[in-house]
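Some notes on the structure that comes next.
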Amino acid sequence: MHMPFALNQIDAELAIIDRELLRRSIRSVDTPCGTEIQIGGKPLLAFCSNDYLGLANHPKLIAALSEGARRFGTGSGASHLISGHHAIHDELEAKLASTQAGAIPNARALFFSTGYLANISAITALSLIGKSKTSIYSAALNHASLIDGVRLARGQGSVDLHIFDHHHLAGLEDKLRNDLTPFKLIVTDGVFSMDGDLAPVQELLHLANQYDALLMIDDAHGFGVLGKHGYGILEDQEVCSDRIIYMGTLGKAAGLNGAFVCAHEKIIAWLIQKARPYIYSTASSPALAFAVLRSVSLIEGELGQELRARLHSNIALWKEGSIFIRWNRLKSDTAIQPIVVGSNATALQLARALDQLGYWIPAIRPPTVPKEMARLRMTLSAAHTKEQIQGLCKVLSDLETSLPK
Ligand SMILES: Cc1ncc(COP(=O)(O)O)c(C=O)c1O
């Protein structure tokens, strides 16, 4: 018997991935999400999760998820449009909409099981608006889920795609100025997930107003963290418009799982009709919706404010302590603090050396980041202690002098 063609081919192609130092692998964590974790019995200090407020293992959310399961059961039983949408989902959506009400008139929210699904749902559905093709303007460093949303929308035959360079608004405007398409959609990360910097939301909104476009902002790394109440980048940048479509995730700062799209109620009404990943997928459990509701209340309340203050002082501490590092530290004021080292080999070497010293910061390589821009994507949390951050600064400084160039 021959080995199936596909299995042979996979062997050959994985060998190429290995040669290019691009093999991805799964590491299984034995302990709950936190700063001090264990992998295979080995203790490590983690500087890589998106649990920015340290809520992923918080006693109040553990209690909420347990209470949610007791009150509402564990499964929704069906998709939202069959019988899986429970009253607690409504309550959660109203709460999520209230977080963006200052930024989006007539705001309504739709709860999704992941941010990836929320993004591909929104983009594929929006691109079906109008009889002619939609012009999508996508920021060059957008997250894969936005890129995949655009790819799917192009597969529907409903899109002309324009990619604009990072922060290059003049280039974007040139393209918009010459575009006669009635419906234009600008799509961007709010906090760029691999770089940590913010999209220029006010300027983008200005362009959206001027050229009659909608503006979709993926605030996966801003919700919970940015703004006085943690409502995210729109609160932080003080913008308000019915042109905005906001996507926030609930698996990062909110410490659970899921995501939401918030927009003018007419846009949400459209998504309910047209967003296939929403329509044809089982609703997240009502127990989760109950726990997310609790998490949003924590985020906007006193605890959230305290945790955000702690996170911001940790970011300041890191920036101060890492000033001597000569590797390219990208300019970022958020919890995402990347160190760009260039080659895949150097990034892997550094990640391995850190691992041996008890630190977990994975190497991020193409295609997640551009070629020759491999990096350590370091993330900070309110849960990190001063000593942990200072320890990491010291270790990186030692490594920089000891690693062969
Ligand atoms: C910018 C951005 N958007 C969307 C997502 C997807 O969200 P989720 O993990 O909830 O699917 C992520 C990360 O996972 C992200 O970093």
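Using the working numbering, you'd call the opening residue of the sequence shown number 827 and step up by one each time.
All C-beta atoms, glycine included, are put in the ideal place defined by N, C-alpha and C.
Would you call residue i buried or exposed, if buried means 16 or more other Cβ atoms sit within 10 Å of its Cβ?
i	result
Q1099	exposed
T900	exposed
G880	buried
K1078	buried
R849	exposed
Y1106	exposed
F1150	exposed
T861	buried
T925	buried
Q1163	buried
G1048	buried
E1064	exposed
S984	buried
L1180	buried
T1227	exposed
A1189	buried
Q1036	exposed
F898	buried
H992	exposed
G1074	buried
S854	exposed
Is DSSP giving residue i helix, strand or coil here?
i	result
L936	strand
P1196	coil
Q1163	strand
T861	coil
T950	helix
F1049	coil
K1010	strand
T900	coil
T1211	coil
V985	strand
R1136	helix
L918	helix
G1084	coil
P869	strand
W1153	coil
D1044	strand
D1015	strand
L1176	helix
A1109	coil
S851	coil
Y942	helix
L881	coil
I1071	strand
S1158	coil
R1191	coil
A1089	strand
I789	Nothing about residue 789 can be reported from this structure: the residues present for the chain run from 827 to 1231 only.
L1183	coil
Find the nearest neighbour of residue i within the set the options, judged by alpha-carbon distance.
i	options	result
G894	D1181, I1105, R1120 and I1059	R1120
H1055	A1039, S1223 and V1122	V1122
I852	L1180, L1082, I865 and T1075	I865
T940	V1118, K1145, F1086 and I1162	F1086
L1229	R1178, A1046 and T1211	R1178
S1174	P1193, A1200 and L1183	Reading off the sequence, residue 1174 comes out as Leu, not Ser. When each option's Cα is compared against that of L1174, the closest is A1200.
T1007	H884, A1039 and P1193	A1039
A920	L1124, H912 and R934	R934
A966	H988, H1047 and L1124	H988
L1124	A890, V1221 and L833	A890
L943	E1126, L1206, N1083 and S1223	N1083
Q1182	N932, E1198, S958 and L1218	L1218
G1053	A929, L833 and A872	A929
S1019	V985, T1205, A838 and I1012	T1205
Y963	H969, N1004, N876 and V1013	V1013
M1042	I1093, D916, F937 and A1080	I1093
K959	D991, L1202, N968 and L1011	L1011
D986	S961, F938 and M827	S961
D877	A927, G1081 and L870	G1081
T1211	H1138, E1198 and I1165	H1138
E917	L871, A1113 and F990	A1113
L1030	F990, F1009, I1165 and I949	F990
H915	V1017, A1208, F937 and H969	F937
L1222	D856, S1148 and T1160	S1148
G1050	A1161, T1194 and N1140	A1161
A1115	P858, S892 and E846	S892
S905	Y1104, E1061 and T1172	Y1104
Quick check: does the Cβ of residue i come within less than 7 angstroms of any heavy atom belonging to ligand 2?
i	result
Y942	Of the ligands this structure carries, namely ligand 1, none is ligand 2.
When the Cβ atoms of the region 1149-1160 are set against those of the region 1013-1023, are three or more pairs found closer than 8 angstroms? The region 1149-1160 vs the region 1013-1023: in contact.
Indicate whether the contact test is met: 3 or more Cβ pairs, each with one atom in the region 939-955 and one in the region 970-984, closer than 8 angstroms. Taking 8 angstroms as the limit for Cβ pairs, the verdict is that the region 970-984 does touch the region 939-955.
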